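As structure tokens, the structure follows; a few thoughts come after it.
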Amino acid sequence: MSSIFPTAFSHHNQLWASLLLEELARLGVRHVCLAPGSRSTPLTLAAVANPKLQCHSHFDERGLGFMALGLCKASASPVAVIVTSGTAVANLYPAVVEAFQTQQPLILLTADRPEELIDCGANQAIEQVGIFAHFVVARQNLPAPHASESASDLLTRIDGIYQRCCVQPVRGPIHLNCPYREPLYPTAQQQDFAAELAELNEWRQHQQPFVRAELNDPEPVVFTVPALPGVIIAGALGPDEQAAALKLQRQLGWPLLADVQSGLRGQANVINHPELALAQQPAALMQARQFILLGGRLISKSLLRWLEQHEWHHSVQISDHPGPFDAGLVIMQRLNCRVDQFELNNPPVHPPAVCVSDAINQASRSLWQPDELSLSEVNLAAQLQFSMPEQGLLMLGNSLPVRLFEQRFSGRQQIITSRGASGIDGLLATAVGLGKHDASRPLTLVLGDISLLHDLNSLALLSQLQQPLVVIVLNNDGGNIFDLLPVPDGRTLDQYYRMRHGYQFAAAAEQFNLNYQRPADMAEFHQGYQQALALARPTLIELLTEPGEAAADLKQAIADAAALTR
Numbered sequence: 004m005s006s007i008f009p010t011a012f013s014h015h016n017q018l019w020a021s022l023l024l025e026e027l028a029r030l031g032v033r034h035v036c037l038a039p040g041s042r043s044t045p046l047t048l049a050a051v052a053n054p055k056l057q058c059h060s061h062f063d064e065r066g067l068g069f070m071a072l073g074l075c076k077a078s079a080s081p082v083a084v085i086v087t088s089g090t091a092v093a094n095l096y097p098a099v100v101e102a103f104q105t106q107q108p109l110i111l112l113t114a115d116r117p118e119e120l121i122d123c124g125a126n127q128a129i130e131q132v133g134i135f136a137h138f139v140v141a142r143q144n145l146p147a148p149h150a151s152e153s154a155s156d157l158l159t160r161i162d163g164i165y166q167r168c169c170v171q172p173v174r175g176p177i178h179l180n181c182p183y184r185e186p187l188y189p190t191a192q193q194q195d196f197a198a199e200l201a202e203l204n205e206w207r208q209h210q211q212p213f214v215r216a217e218l219n220d221p222e223p224v225v226f227t228v229p230a231l232p233g234v235i236i237a238g239a240l241g242p243d244e245q246a247a248a249l250k251l252q253r254q255l256g257w258p259l260l261a262d263v264q265s266g267l268r269g270q271a272n273v274i275n276h277p278e279l280a281l282a283q284q285p286a287a288l289m290q291a292r293q294f295i296l297l298g299g300r301l302i303s304k305s306l307l308r309w310l311e312q313h314e315w316h317h318s319v320q321i322s323d324h325p326g327p328f329d330a331g332l333v334i335m336q337r338l339n340c341r342v343d344q345f346e347l348n349n350p351p352v353h354p355p356a357v358c359v360s361d362a363i364n365q366a367s368r369s370l371w372q373p374d375e376l377s378l379s380e381v382n383l384a385a386q387l388q389f390s391m392p393e394q395g396l397l398m399l400g401n402s403l404p405v406r407l408f409e410q411r412f413s414g415r416q417q418i419i420t421s422r423g424a425s426g427i428d429g430l431l432a433t434a435v436g437l438g439k440h441d442a443s444r445p446l447t448l449v450l451g452d453i454s455l456l457h458d459l460n461s462l463a464l465l466s467q468l469q470q471p472l473v474v475i476v477l478n479n480d481g482g483n484i485f486d487l488l489p490v491p492d493g494r495t496l497d498q499y500y501r502m503r504h505g506y507q508f509a510a511a512a513e514q515f516n517l518n519y520q521r522p523a524d525m526a527e528f529h530q531g532y533q534q535a536l537a538l539a540r541p542t543l544i545e546l547l548t549e550p551g552e553a554a555a556d557l558k559q560a561i562a563d564a565a566a567l568t569r
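Under my numbering, the first residue of the sequence shown is numbered 4, with each subsequent residue one higher.
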């Protein structure tokens, strides 16, 4: 019988790293993101040598972590990250926080100095054990590879911590700290480790993990809805959950308010713009006495405020996230399951025929001209859906862009956001990770100028792609989200909040060999956007807009919607 896993390696470091990466591959890991480093050499070479793994590299660990996060989101599968010791590990922190908040299964493989080189002044040696605090769901500090350590124990540890990463009710990033003594690099002479691997002879002959976990499909969660008028709120949903949300709406006949992250906008009986709808105060919403929240992480502050202040007799949230994440909401019943894993115990035999969505949506659309040619951020948010392929992916940056699209966008395209910690860091790198997973689906990223400046070196990642990924940067010369907040006007607002910079991105696009456009109006934008989708390379489209204009437009739309009721 021919052996699958070899027995000849340069040293124990190479053997253990190869065992670790092989077991992760058998467990289902397909993508590994690597940053350069010496101490991580055993892990890097083991990943590159494994034919089951696709390796991606970047020189900046912060961007690397976010690229891995994008791969996680797109593939719905664990992604491994390999970095060297020291501050390289700390640079992963922002991505780890976002992964924890959104239950994304990042597997952090951090190379380390052995214990005798910690806390003694050794170069590039910091205390890495526990560095990510409670932002990982599990962690292991592996022993430094040595003949006295058991290979079967290593595989058992890996299999155990992997289940914590991927299995409900608590998913999220895990940290495997991997100390290595020298030598780190391959040597000319190889050793035969057949004796040490004898306990793994069966494992070496097949492709299954060492510990085979059998997972049972969860039973549907059944719940009863009180006989009260109600409303459904759809937050961030996965593609498999959207059909279940629409089925629930048909069963109950209630209005359904769709957050832009829900993927339900443009569907029948769905209210596309919750904050504009609430400003109109329709009776079907104002008379509701219970709500069902599907998912969460709602964007609209108006919607959150209404849910906090309205008179509710009952409320239920259905989410597979174990904890609350919409502060201020009083949730009386929580079902810890996916939206497509529940059933109604008492669906109405004759649900009320609530047909308010068409009238509300039509009133909301009357607040702007869909074919307006002037170049503005709100016009982009209202019109992009008509130029995007229906199967395309749209990633929305945090701060102002996601709020613009929450108010104006009504397309059916799948929306991706980073709303765990809602930071502006790593957005471009995350989009690159999304694009790397599936080049067949056109991807568009809309982000602000400060967000792009914050992640500028991820343009190097973007330039590596050979597919039509379109980055639209809304350059309003600073952080204009603060125009929506009660920040004191004048010098304080400009210097410490907006932070006007005067930069444009044409030179950055040229430096990283990116296709670049700067349209003068919406007609030129739509034409250029279609051209960008046809290219086998990324494009950066810069929209130069007036500072303060977008915030004023958003506020005016709310006022105009409220005026419709008078």
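Even for Gly, the Cβ is constructed at its ideal location relative to N, Cα and C. Because the structure is a prediction, the values reported are computed rather than measured.
6 Å CB neighbourhood of residue i in its chain, flanking five on each side removed
{"i": "Ala49", "result": "Ala20, Ser21 and Leu24"}
{"i": "Ala570", "result": "Outside the displayed span of the chain (4 to 569) sits residue 570, for which this structure offers no information."}
{"i": "Ala572", "result": "Outside the displayed range of the chain (4 to 569) lies residue 572, so it cannot be described from this structure."}
{"i": "Ser305", "result": "Glu278 and Leu281"}
{"i": "Asn382", "result": "Glu375 and Met525"}
{"i": "Ala197", "result": "Thr10"}
Where residue i sits in the DSSP three-state scheme
{"i": "Phe12", "result": "strand"}
{"i": "Leu347", "result": "strand"}
{"i": "His313", "result": "coil"}
{"i": "Ile2", "result": "Outside the modelled stretch of the chain, which goes from 4 to 569, sits residue 2, for which no answer is possible."}
{"i": "Thr2", "result": "For residue 2 there is no data in the structure shown, the boundaries of the chain being 4 and 569."}
{"i": "Gln242", "result": "In the sequence as displayed, the identity of residue 242 is Pro instead of Gln. Helix at Pro242."}
{"i": "Ile235", "result": "strand"}
{"i": "Tyr506", "result": "coil"}
{"i": "Leu60", "result": "The sequence given here has Ser at residue 60, not Leu. Three-state result, Ser60: strand."}
{"i": "Gly66", "result": "helix"}
{"i": "Pro182", "result": "strand"}
{"i": "Asn364", "result": "helix"}
{"i": "His34", "result": "strand"}
{"i": "Asn478", "result": "strand"}
{"i": "Thr47", "result": "helix"}
{"i": "Tyr165", "result": "helix"}
{"i": "Gly436", "result": "helix"}
{"i": "Asn401", "result": "coil"}
{"i": "Gly73", "result": "helix"}
{"i": "His457", "result": "helix"}
{"i": "Tyr519", "result": "strand"}
{"i": "Arg292", "result": "coil"}
Buried or exposed (CB count within 10 angstroms, at least 16 for buried), residue i
{"i": "Gly1", "result": "Any question about residue 1 goes unanswered here, given that the chain covers just 4 to 569."}
{"i": "Asp361", "result": "exposed"}
{"i": "Glu205", "result": "exposed"}
{"i": "Phe515", "result": "buried"}
{"i": "Val32", "result": "buried"}
{"i": "Tyr188", "result": "exposed"}
{"i": "Arg501", "result": "buried"}
{"i": "Val342", "result": "buried"}
Distance between beta carbons of residue j and residue i, contact taken as under 8 Å
{"i": "Leu403", "j": "Ile484", "result": "5 Å"}
{"i": "Ser43", "j": "Ala147", "result": "Between Ala147 and Ser43 the Cβ distance is about 14 Å, and since that is not below 8 Å, they are no contact."}
{"i": "Gln264", "j": "Ala239", "result": "4 Å"}
{"i": "Cys75", "j": "Val86", "result": "Wrong, their Cβ atoms sit about 16 Å apart, outside the cutoff."}
{"i": "Pro541", "j": "Val490", "result": "That pair is no contact at about 35 Å."}
{"i": "Leu465", "j": "Val435", "result": "6 Å"}
{"i": "Leu251", "j": "Tyr165", "result": "About 34 Å separates the two Cβ atoms, so there is no contact after all."}
{"i": "Thr568", "j": "Gln283", "result": "5 Å"}
{"i": "Ala523", "j": "Gln470", "result": "Actually they do not touch by this definition, with Cβ atoms about 27 Å apart."}
8 Å Cβ shell around residue i - same chain, five flanking residues per side excluded
{"i": "Gln192", "result": "Ser13"}
{"i": "Asn349", "result": "Thr227 and Val228"}
{"i": "Gln194", "result": "Ala11, Phe12, Ser13 and His14"}
{"i": "Pro117", "result": "Ala147, Pro182, Tyr183 and Arg184"}
{"i": "Leu437", "result": "Gly73, Leu74, Lys76, Ala77, Leu396, Met398, Ile419 and Leu446"}
{"i": "Val214", "result": "Leu158, Thr159, Asp162 and Gly163"}
{"i": "Tyr267", "result": "Tyr is not the amino acid found at residue 267; the sequence shown has Leu there. Excluding residues within five positions, the ones whose Cβ falls inside 8 Å are Ala237, Leu240, Gln245, Ala248, Leu249, Leu259, Ala261 and Val273."}
Other residues of its chain near residue i: CB distance less than 7 Å, five sequence neighbours each side excluded
{"i": "Val132", "result": "Asn144 and Asn180"}
{"i": "Leu112", "result": "Leu46, Ala83, Val84, Ile85, Leu179 and Cys181"}
{"i": "Ala566", "result": "none"}
9 Å Cβ cutoff, residue i in contact with chain C
{"i": "Ser360", "result": "The displayed structure is made up of one protein chain only, and chain C is not part of it."}
Are the region 361-375 and the region 393-407 touching by the rule of at least three beta carbon pairs closer than 8 Å?
no
Pairs of beta-carbons, one from the region 398-418 and one from the region 545-558, closer than 8 Å: are there three or more?
yes
Can we say the region 267-277 touches the region 213-220, given the rule of at least three CB pairs closer than 8 Å?
no
Would you call the region 305-321 and the region 282-294 touching, i.e. three or more CB-CB distances under 8 Å?
yes
Is the region 97-111 touching the region 123-140, taking contact as three or more C-beta pairs under 8 Å?
yes
Under 8 Å: do the region 93-100 and the region 53-68 share three or more Cβ pairs, one atom per stretch?
yes
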